[in-house]
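Contents: one structure, followed by commentary.
Residue numbers (the UniProt record's numbering): 1 to 1085.
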């Protein structure tokens, strides 16, 4: 083998994509080349079966827009053939052309057409470019920002990685690059919004993704929604001049039934213009080879995939022509294994200069394995390596310095890494814990990476598969597979979304909506694919589609997402609106219906981990050891709520990673950190959806609602609610600096605010004015106080209270604010019956008007007792919450709890019940159980059973404060203190009878009056030594018990009194005036 020919990377002739040989392209860059003022088409003669045609000149474009096409003077054959329909008409357009044929230029031509129609500054038009993956959106954003930016068009990228998902952020954008999922989310929120109504051009790249089982339905629904919007705008136009419409342009490389797409994108009267170009018009001729290898029945997919590693070298030597080779592998581990095997089996002949360039690349690579392989001319690329390493490898391969690159299929979806030879090593890939075949879209996209016009004239694609499936893939690459819809598999979620948007309100309307989808087009032509009888006519198929809608509507109604009457007219519910707003899967919503209302934080995390939104988070074999260490390890910091058993399911992995991130436990594996990012991107909206659903329910769910609000905030801030790493939420503070601040004792915003700025800079090793900036950020965070005042209007069952929330630093916040404008707090009040008494959101902007907010509300008396729990939960920040308890006065007898708190305690650290902010970061469960511990138990503390080396730094609360040992006492409806004394007396009476004078009284059978002074203590009486010791022992037992009881109970009451959690201070007095104890003489003992 020899190294790749470097000269190919510099072949960027302007006519390479069009097949022409222009001498103007070869002129020196210093020579001024003036384009002619009038179009001069170039006639070309067809070859190899390609028909003759005319290449249209760029000079047909108005002069002010020619800079968009400055890289070439002529459009290629496909672009020239489409130019008239794109540039001189406003019809919808669909193109199917081979990969590398310049389909992006078709989008640019139609954008120019729109700019020619409208006048600058084009503030009233929006253009949406939609691609299936974020990589394509980013690539198009960077390219079009350079091309259309100078013309005055503002480009914005709207994907899951960007935070500009608010209407006000993109209202000035002209060109919006987005994915189907993101645009679906946006249009659900912006129904009827003027921004959506300004969309004049809708560009769909890789439209063949409509057949994808997981993402195709979203693409189909979004396009159908935009079609419906176009129809409504056309019908609402008052005059023909005011009539506006949305123009659709879609392109793909792999749709044999492109005419069905054209029918789907019809403008109501006639189908879209369809341009279909076969492989004969491909600028780079592609040879497709399918190789079958034997695979025995007892050979696993892992072993078969491993056996293919040793055949890569011969394939590269046979088909590469000493040019760059791209090898697609099934897994990340397989990528590295294949690269290592090739490095041992083959040696590339490289020049000294080439080796020096590879050494330069290796010097800046972080991954040690990758660094070693690059020296051999071999690289690997997948999402598990560092971003800088990936960019460097992409650049080296594009320049031709890296002869062979191994990668996963994620690189296939449009990322421009050209290769002369593409090898697909095995047609099975590991998804969801199991091997499954690549989809047709994946295979065709990987093949499409072979050969690019500006780099090659020929290319080869090799598919390595089992002998049993060789014929299948031979048939697939021939391009005969028909594109079908996948909407019927995800219809239930999209029906709910359209009902929320008021697209329809009955079954007939639902059927009309179905008619606007690609599903309807294909069901008429291939009904058996969708489970319908094949011999049905059009009316029969529509009846089947109507029945399909009814089944899904009943499913929505069964869990309360819609309501239906007898005439099958339906309307959405508040829960259905929340589901649509947050784009939650139906299966996840079914899980939410199982919430009982008493769930703890750990229960909710387990519930969230089962969500369908995390189904694509795979548990890899190589990750199990790391995950099990995070779960349980006596020598390290572990997660807060350990999972029982070993980590062996995707759900357990999600649970473990959520807790690791919230606990600030460092995860070193890059693949796991990527999974964490994916989990928290989806988890933020899932947890917020759950809290809103619980907030609209009327059942007793105070505990679950409170914990869901806390969990939603935890996902937003990526910290536990009682985390000491509060500084991590500040700008410029990461985990490293936050850890340094925690080690210095800065575990709350108050401590950070009180510390000197210079001392803070010493702690984090930063220069001034860093400390001042951090303190300023903390000072301008909102600080709250909550107070309750009972109205003197007493009743047996109800009470009226005035709730006041005060923004204590609102004058400072008027000048500067650290929290975002949409920050709010949730005020939640509940009682001991788990009933929500009051719930309201309070935005900072509302509190800034006067600095406070007050409201009078009625409190219904709980069955257990008169205590209520008041919580103020921040929407984003850990460390700002307030959790307090109050005792409400009712007329009539007092009620005491006769049973343990209905909220389950999750922490062992007992909070202080004070009125100040940050008094406790614990859940309602801890507050209630701690409040009633005075009445129920006498606690002791023992050491926990964890084997952590440093119990002050580990993640277990019990390691720091110990475990509460509970000894329950006998319940009595009388005062608990009298009950304690009665219990003590009964235990003393049960002791063995001894010859003490006081006890002899009980052994006497005489029932007459007794002079108790006869048994009093006298100094000179010769009491036996044994008798005296027994009396002293019994007396000491009593006084020891009295002392312990007094200390514990008085301390409890004193703490509660100081914190204000009892409106009526309780004063404890031990009354020992029982006759049986009157012979005790303290002074003479």
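Glycine residues also receive a C-beta, built at the ideal position from the N, C-alpha and C atoms.
- Contact annotation: residue 458 and residue 285 have beta-carbon atoms nearer than 8 Å.
- Around the beta carbon of residue 889, a 10 Å sphere encloses fewer than 16 other beta carbons of the protein chains shown; the residue is thus reported as exposed.
- Within a 10 Å sphere around the beta-carbon of residue 695 sit 16 or more other beta-carbons, which makes this residue buried.
- The bridge partners DSSP lists for residue 178 are 130, 158.
- Taking 8 Å as the cut-off, the Cβ atoms of residue 217 and residue 490 count as close.
- About 13 Å separates the beta carbon of residue 462 from that of residue 404, a gap too long to meet the 8 Å contact definition.
- One alpha carbon belongs to residue 707, the other to residue 143, and they sit about 46 Å apart.
- Here residue 57 really is in contact with residue 74; their C-beta atoms are around 6 Å apart, less than 8 Å.
- Sorting 509, 572, 568, 724 by C-alpha distance to the C-alpha of residue 542 places 509 at the top.
- Ranked by Cα distance from residue 725, the options 613, 224, 278, 741 are led by 741.
- For the pair of segments examined, the region 616-629 was found not to touch the region 593-600: the number of CB pairs separated by less than 8 Å stays below three.
- Three or more Cβ pairs closer than 8 Å define a contact, and the region 382-400 meets that threshold against the region 347-367.
- Nearest in C-alpha terms to residue 737, of all of 562, 134, 761, 547, is 761.
- With a cutoff of 8 Å on beta-carbon distance, residue 107 and residue 129 are scored as near each other.
- Each residue's CA atom was taken as its position, placing residue 298 and residue 468 some 14 Å apart.
- In terms of Cβ geometry, residue 709 and residue 826 form a close pair [threshold 8 Å].
- Closest option to residue 328, judged by alpha-carbon separation, among 294, 551, 266, 308: 308.
- In this structure the region 604-613 touches the region 656-664; the number of beta carbon pairs closer than 8 Å is three or more.
- The continuous beta strand (DSSP E) containing residue 423 extends over residues 421-425.
- When DSSP states are grouped into helix, strand and coil, residue 667 belongs to the coil group.
- For residue 613, there is no enclosing beta strand (DSSP E), as DSSP marks it with neither H nor E.
- Nearest neighbour of residue 834 by Cα position, chosen from 666, 891, 865, 640, turns out to be 865.
- Between residue 614 and the set 172, 477, 585, the nearest pair of CA atoms involves 585.
- Under the DSSP definition of a beta bridge, residue 381 partners with 407.
- The C-beta of residue 278 has fewer than 16 other C-beta atoms within 10 Å across all chains shown, which makes the residue exposed.
- Taking a contact to require three or more Cβ pairs closer than 8 Å, the region 786-799 and the region 746-759 do not qualify as touching.
- Excluding sequence positions up to five before and after residue 78, its CB lies within less than 7 Å of the CB of 97, 101, 102, 277, 281, all in the same chain and listed in chain order.
- Taking 8 Å as the cut-off, the beta carbon of residue 208 is found closer than this to the beta carbon of residue 254.
- Taking every protein chain shown into account, the CB of residue 855 has fewer than 16 other CB atoms within 10 angstroms, so this residue is exposed.
- Residue 246 sits close to residue 199, with the two beta carbons spaced by under 8 Å.
- If only uninterrupted beta strand (DSSP E) runs of at least 3 residues are considered, those enclosed by the region 251-276 are 273-276.
- Going by beta carbons, residue 699 and residue 830 fall outside the 8 Å limit.
- DSSP places residue 784 inside the beta strand (DSSP E), whose first and last residues are 784-790.
- Under DSSP, no beta-bridge partner is assigned to residue 400.
- Shown here for residue 873: same chain residues with a beta carbon closer than 7 Å to its own, the five before and five after excluded, namely 709, 710, 713, 825, 826, 828, 881 in chain order.
- A Cβ-Cβ separation of about 6 Å places residue 118 in contact with residue 125 under the 8 Å criterion.
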